[in-house]
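Here the structure comes first, spelled out in structure tokens, and everything after it is commentary.
In the working numbering, the protein residues as written are 2 to 194.
Shown next as structure tokens:
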């Protein structure tokens, strides 16, 4: 997923092979179970993925990534309570993980818990002020609640980090949302991007 050095199918086959070899060497390692769970998700074997991640968590209850991945799968399978519990556990285990905080916050946003989503990302931005995932998540949380003035600096920071040429888009978005800009022109511009 993060490289073009090999095709997706080849990477998947290598991942499965490496996971199975690792388990043959030591079936008590949790990491191979997570690698195989990831492959299972790609192969649309979601229940198998949850079982593999649960096994990894049994082997190492402090394995934050296994909790995170399990939570994300459970959420997308509409087991909201178990998914959120798993993501909350991941956040508690690794409070400095950028991606875990972002996933946790997005899950809370999805559940309509905007006020609860904000602290997860605010904490991360204290030590990683330019983390795009949380800048975007917080901006969306502010936009959802209609707090456009709080969203503006977050969107501007996000643009500065991602693409400084996009800095005017934050202002255009806020202007359009507050009735001071041309919504249609903005929508056409965004669609063109």
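Every residue, glycine too, gets a C-beta built ideally from N, C-alpha and C.
Neighbourhood of residue i by C-beta distance below 7 Å, restricted to the same chain and skipping five residues each side
| i | result |
| --- | --- |
| residue 61 | 31 |
| residue 101 | 65, 69, 91, 92, 95 |
| residue 160 | 167, 168, 170, 171 |
Cα-Cα separation, residue i to residue j
| i | j | result |
| --- | --- | --- |
| residue 144 | residue 171 | 11 Å |
| residue 176 | residue 98 | 34 Å |
| residue 174 | residue 187 | 7 Å |
| residue 10 | residue 44 | 10 Å |
DSSP three-state assignment for residue i, whether helix, strand or coil
| i | result |
| --- | --- |
| residue 114 | coil |
| residue 34 | helix |
| residue 25 | helix |
| residue 52 | helix |
| residue 173 | helix |
| residue 45 | coil |
| residue 181 | coil |
| residue 12 | helix |
Supposed contact pair residue j and residue i - C-beta distance, whole angstroms, cut 8 Å
| i | j | result |
| --- | --- | --- |
| residue 240 | residue 57 | Shown here, the chain extends from 2 to 194; a query on residue 240 therefore has no answer. |
| residue 157 | residue 168 | 6 Å |
| residue 140 | residue 152 | 5 Å |
| residue 36 | residue 19 | 7 Å |
| residue 47 | residue 74 | 6 Å |
Close Cβ partners of residue i (< 6 Å) along its chain, the five nearest in sequence each way excluded
| i | result |
| --- | --- |
| residue 81 | none |
| residue 131 | 162 |
Contacting residues, own chain, Cβ-Cβ under 8 Å from residue i (five flanking each side not counted)
| i | result |
| --- | --- |
| residue 117 | 109 |
| residue 85 | 72, 76, 108, 109, 112 |
Runs of beta strand (DSSP E) lying entirely within the segment 132-170, each at least 3 residues, in chain order: none
Exercise for review: Output the residue ranges of the alpha helix (DSSP H) runs that lie fully inside the segment 57-95 and measure 4 residues or longer, sorted by chain position.
Suggested key: 65-77, 81-94
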